[in-house]
Amino acid sequence: MDDKERLAANRRRWDRLADLHLESPFYDVAGFRAGRPTLDAVELEGVGDVTGQSLLHLQCHFGLATLDWARRGARTVGVDFSARAIRHARKLADELKLEARFVEADVCDALPHLGGERFDVVFTSYGTISWLPELRGWARTIAGSLKPGGRLFLADFHPLLWMFDETSSVEELTLSYPYFAQEALREEERGSYAVPDADFTAVSYSWQHTFEDIIGVLLAEGLAATSLREYPYLAWKWFDFMVQGTDGFWRMPEGAPDLPLMFSITARAPEQSSLHEAGADTWEQDRQVATVRAQSSAKAPGTMNIRRASARQAALLAHQRAAMFRDMGVTEEADAAVIQAFEDYATAALEDGRLIGWLAMLDDTALGGLAAHLQDGPPMAGRMTGRGARLIDMFVEPAWRRRGVARALLRHAMHDLAAMGVETVDLVASAKGRPLYVSEGFVTLVEMRRPLRGYGQAPIQ
């Protein structure tokens, strides 16, 4: 079974749980309808005032916390992969007449479903990231959803807590699971945390993520961590022997050792919001991140550098262009004659400056590349000098994908182009590449094209 099948099993379970949880005393939807808040002190303090702000809630379940933020003055959007949960959330929002929109999407692939919208706050809390097999897509969604200077708040169970057997006694806490686990944990569970006695049994899969995993992917996406807190209490009961305080949180009983049971992270997106504001630090940080990922590979440890392509490397850019089109299934553009014609063009254009190329190199190994065709045009709003560029042929070798190489190439290219006085860049994005470009501030425009071959052979009517 692969992760796609595991996630499908989880989705089926959460569809069923959405129905059960909606009616459960644990969530107390009736109380919420009457005005009871559902957000706790950790969440409220961590996020702060949201009056008049836009807020994205990731893995929102059936939207109770999303709607609570709406009650507090935020314009909210909730995302969840469960169709039933989203249906319940939309119905509640309509019933309570709250400004909230709900989107059915996998959190790691949510950007295309959000239509490029950016938010002041991204919020996610309690029992979320353990359902994700990897966090790179999750972090990309966060980074791509935040406005410049926007903030992330994450609260969840402490990674250490996942090591303990939930059936442990207070006298003998049993370590049953590895901290650095790489494999999915399969569990067959009756009911759920909210309805433990429900006549319902399902298999679920979860994944352990260390602090290095969590913070590392956020830093890799350019976010700056502003706080990390650990708490000796939990939002709900984990061990049977835990004691609930007057504040509603669950703690170890008196005399038992304190453990870090929960954590929170706040982080901010960089303030840079345009091509002209993107400085060297942005792409240099991303280059360093990609270098660290490259060094972590046993295949080829070393240092990644992004360098300008010379006319002598036109053949390499042509090879990458052909591979890119083959990946996309556009075989006619990968035809040998077409690629040879491109190589001839690139050789001359790199020489005279019409084309600029960048190569991501690990020592002497090419990991990927990107090119830009400079194009001047008439002055227009946002491009008064008329200087523009068209990005083409983003390609990363398959063995080096999902390591930050493409983002490093893109940011490096934009930094160089901005320094040259280029005011706008455009490109044609594939479905796979679109989330990256959206997360870097690209917006979708309408483009049309018509071939003119043979056009002049017919008389004008």
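Residue numbers (this note's numbering): 795 to 1255. Glycine included, each C-beta is placed from N, C-alpha and C at the ideal position. Model, not experiment: these values are computed from the prediction.
Asked                                                                                                                                                           : Found
According to DSSP, is K1031 helix, strand or coil?                                                                                                              : coil
Are the Cβ atoms of L1111 and D1187 separated by less than 8 Å?                                                                                                 : yes
Between the Cα of H1206 and those of I1150, G840 and V873, spot the shortest distance and give me the residue it belongs to.                                    : I1150
Going by C-alpha to C-alpha distance, which of R984, K941, A1061 and A988 sits closest to T1020?                                                                : A1061
For V1237 and G910, what's the separation of their Cα atoms in angstroms?                                                                                       : 7 Å
Would you give the residue range spanned by the beta strand (DSSP E) that S818 belongs to?                                                                      : Unbroken run through S818: none, as it is neither H nor E.
Give, in chain order, every unbroken run of the alpha helix (DSSP H) that is at least 4 residues long and sits entirely within the segment 1187 to 1226.        : 1199 to 1213
Using alpha carbons as the reference points, say which of A1154, P927, R865 and T1125 lies closest to R827.                                                     : R865
Locate the beta strand (DSSP E) running through T1004, then write down its first and last residues.                                                             : Element bounds for T1004: n/a, residue is neither H nor E.
Looking only at C-alpha atoms, which of G1162, A1183 and C902 sits nearest to A1193?                                                                            : G1162
Report yes if the C-beta distance between L886 and G857 is below 8 Å; otherwise report no.                                                                      : yes
Are A1200 and L1144 closer than 8 Å when you measure CB to CB?                                                                                                  : no
Alpha helix (DSSP H) containing A1128: first to last residue?                                                                                                   : First-last for A1128: undefined, no H or E at that position.
At what residues does the alpha helix (DSSP H) containing M1118 begin and finish?                                                                               : A1108 to M1122
For the segment 866 to 895, list the alpha helix (DSSP H) runs that are entirely contained and at least 4 residues long, ordered along the chain.               : 877 to 890
Check whether the segment 830 to 837 and the segment 899 to 906 are in contact - that is, three or more C-beta pairs closer than 8 Å.                           : no
Determine which residues share a DSSP beta bridge with D950 and list them.                                                                                      : F1057
Measure from the alpha carbon of D1041 to the alpha carbon of each residue in C854, G1049, W1030 and E1048, then state which is nearest.                        : W1030
For S963, does the count of other Cβ atoms within 10 angstroms reach 16, so buried, or fall short, so exposed?                                                  : exposed
If you draw a straight line from the alpha carbon of S1000 to that of A978, how long is it in whole angstroms?                                                  : 6 Å
Are the beta-carbon atoms of T860 and A824 separated by less than 8 Å?                                                                                          : no
Should V915 and L1017 be called a contact, given that it needs their Cβ atoms to be closer than 8 Å?                                                            : no
Mind checking whether L1053 and H1003 have CB atoms under 8 Å apart?                                                                                            : no
Please report how far the alpha carbon of R1045 lies from the alpha carbon of R1023, in whole angstroms.                                                        : 16 Å
Starting from the Cα of A996, find the closest Cα among W808, G842 and A879 and give me that residue.                                                           : W808
Given a threshold of 16 other Cβ atoms within 10 Å of its Cβ, counted over all protein chains shown, does F974 qualify as buried or as exposed?                 : exposed
Just verifying my parser: in three-state terms, what is the DSSP assignment at N804?                                                                            : helix
Can you find the residues in the same chain that come closer than 8 Å, C-beta to C-beta, to S818, ignoring five residues on each side of it along the sequence? : A988 and V989
Taking the alpha-carbon positions, what's the D959 to G931 distance?                                                                                            : 29 Å
Are A1130 and A1108 closer than 8 Å when you measure CB to CB?                                                                                                  : no
In this structure, what does DSSP give as the bridge partners for W1152?                                                                                        : R1102 and L1164
Out of curiosity, what's the CA-to-CA distance linking R1101 and E1234?                                                                                         : 21 Å
Using the DSSP secondary-structure output, state which residues sit across from H855 in a beta bridge.                                                          : According to DSSP, which records beta bridges pairwise, H855 is partnered with nothing at all.
According to DSSP, simplified to helix, strand and coil, what is A824?                                                                                          : helix
Which of the three DSSP states, helix, strand or coil, is assigned to V1132?                                                                                    : helix
In this structure, does DSSP put S924 in helix, strand or coil?                                                                                                 : helix
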